[in-house]
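So the sequence shown is numbered by the UniProt record's numbering: it starts at 1 and just counts up by one.
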Amino acid sequence: MPRFDTPKPIAVTVDACSAEVRLVASERSDTVVRIEPVDTDNSSDVKVADKTKVDFYADRLTVTVPPASSWKKVGERSSVAVTIEVPTDSSLIVKLMQARVYAEGSLGACEVRLESGIVRLDRIGALRAQITNGDIAVEHITGSVEADGVSGPVRIGTAAGDLRLSTVNGGLDLDRADGNVIAKTVDGALRIGRLNGGTAELMNVTGNIEVGIGEGTAAWIDAYSRTGSVRSHLAAQEDPGEFDNTVQVLARTRDGDIAIRRSME
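Given below as structure tokens:
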């Protein structure tokens with residue numbers, strides 16, 4: 001079980017295929033890595049665990065799990081379980097194929113390159129994601145978000161900074177946006193549960209669009225659907241001066257409904 005003295009946040013890179021990776025960030029002064037075969041009676045799992053590399057140099061930790069194709073068919077269950085315990089605010093880069101990553105605690109900036117798999121993050125500083133085919137969910141992001149992808153949904157609890165999303169097949173499910181949002185997809189629903197400030201530009205070809213506006217916030221709305229309905233549940237106001245805040249919503253879809261409403265939060 002490798003252990004390293006790390007009195008300050010470090011940079012973590014995980015390159016994994018056919019693995020399940022768990023990160024735990026907490027107030028600590030060391031970093032611990034545990035690598036275990038999922039099935040100790042399976043010679044293939046044991047081989048993958050033995051071949052997994054752990055390197056640490058100059059506050060940079062790299063964990064490399066061998067490609068699944070080296071030992072088993074792509075699509076089979078995970079071969080190895082990796083647990084990494086790091087100091088709070090450590091940064092993270094993950095490169096995944098047929099792998100899953102689960103993180104607990106507060107991390108710094110995160111970069112995700114997802115060929116196929118699942119990523120679940122708790123609280124992070126910023127997110128940059130490239131998604132070929134996968135599923136990303138983050139509870140809280142204090143900084144900016146940039147995500148590009150082919151297929152796969154992006155789910156975020158709170159985005160405190162600006163967010164930009166561009167995908168082919170996969171929507172955005174965002175509970176709370178405190179900054180500007182630009183989200184474009186060909187096929188996928190776009191949802192903002194509560195827009196607190198800035199501008200939201202939401203565009204798709206197929207899929208519904210839904211935006212919630214916080215209480216005490218006025219909204220300038222420009223929405224159009226070629227075949228679906230457009231509904232605003234906000235009362236029309238000639239003078240937004242009585243409101244504490246103002247947001248702008250630009251929504252466009254070809255085959256989908258658009259709904260603008262007051263947030264229930």
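All C-beta atoms in this analysis are idealised placements derived from N, C-alpha and C, irrespective of residue type, glycine included.
What are the partner residues of residue i, as DSSP defines its beta bridges?
i: residue 195; result: 177, 213
i: residue 117; result: 99, 134
i: residue 37; result: 80
i: residue 149; result: 131, 167
i: residue 267; result: Because the chain spans 1 through 265 in this model, residue 267 falls outside it and cannot be assessed.
i: residue 31; result: 4
i: residue 223; result: 251
i: residue 258; result: 209, 230
i: residue 11; result: 60, 91
i: residue 244; result: Beta-bridge pairing links residue 244 to no other residue.
i: residue 16; result: 96
i: residue 55; result: 62
i: residue 183; result: 165, 202
i: residue 218; result: 246
i: residue 23; result: 84, 103
Please report the straight-line C-alpha distance between residue i and residue j, rounded to a whole angstrom.
i: residue 256; j: residue 185; result: 13 Å
i: residue 28; j: residue 199; result: 39 Å
i: residue 215; j: residue 236; result: 14 Å
i: residue 138; j: residue 112; result: 12 Å
i: residue 91; j: residue 58; result: 14 Å
i: residue 8; j: residue 56; result: 14 Å
i: residue 54; j: residue 166; result: 34 Å
i: residue 222; j: residue 249; result: 6 Å
i: residue 197; j: residue 224; result: 21 Å
i: residue 26; j: residue 147; result: 27 Å
i: residue 176; j: residue 12; result: 28 Å
i: residue 340; j: residue 155; result: Any question about residue 340 goes unanswered here, given that the chain covers just 1 to 265.
i: residue 157; j: residue 49; result: 34 Å
i: residue 72; j: residue 1; result: Per-residue confidence for residue 72 stands at a pLDDT of 48, beneath the threshold of 50, marking its modelled position as unreliable; no derived number is given.
i: residue 233; j: residue 93; result: 42 Å
i: residue 108; j: residue 171; result: 25 Å
i: residue 5; j: residue 110; result: 22 Å
i: residue 3; j: residue 88; result: 16 Å
i: residue 189; j: residue 47; result: 42 Å
i: residue 219; j: residue 187; result: 26 Å
i: residue 33; j: residue 39; result: 18 Å
i: residue 178; j: residue 67; result: 39 Å
i: residue 86; j: residue 136; result: 21 Å
i: residue 264; j: residue 168; result: 30 Å
i: residue 164; j: residue 242; result: 30 Å
Check this for me: beta carbons of residue i and residue j, under 7 Å apart or not?
i: residue 103; j: residue 20; result: no
i: residue 217; j: residue 245; result: yes
i: residue 106; j: residue 134; result: no
i: residue 84; j: residue 121; result: no
i: residue 174; j: residue 251; result: no
i: residue 125; j: residue 149; result: no
i: residue 35; j: residue 52; result: yes
i: residue 212; j: residue 194; result: yes
i: residue 152; j: residue 131; result: yes
i: residue 254; j: residue 205; result: yes
i: residue 129; j: residue 141; result: no
i: residue 79; j: residue 41; result: no
Taking residue i and residue j to be in contact with their CB atoms under 8 Å, please state how far apart those CB atoms are, rounded to whole angstroms.
i: residue 182; j: residue 258; result: Going by Cβ atoms, the distance from residue 182 to residue 258 rounds to 16 Å, so no, they are not a contact pair.
i: residue 95; j: residue 162; result: Contact flag wrong, Cβ pair sits at about 25 Å.
i: residue 127; j: residue 145; result: 5 Å
i: residue 99; j: residue 43; result: Actually they are not in contact, since the Cβ atoms of residue 99 and residue 43 sit about 21 Å apart, beyond 8 Å.
Classify residue i: buried if its beta carbon has 16 or more other beta carbons within 10 angstroms, exposed otherwise.
i: residue 37; result: buried
i: residue 97; result: buried
i: residue 65; result: buried
i: residue 123; result: buried
i: residue 10; result: buried
i: residue 31; result: buried
i: residue 227; result: exposed
i: residue 60; result: exposed
i: residue 191; result: buried
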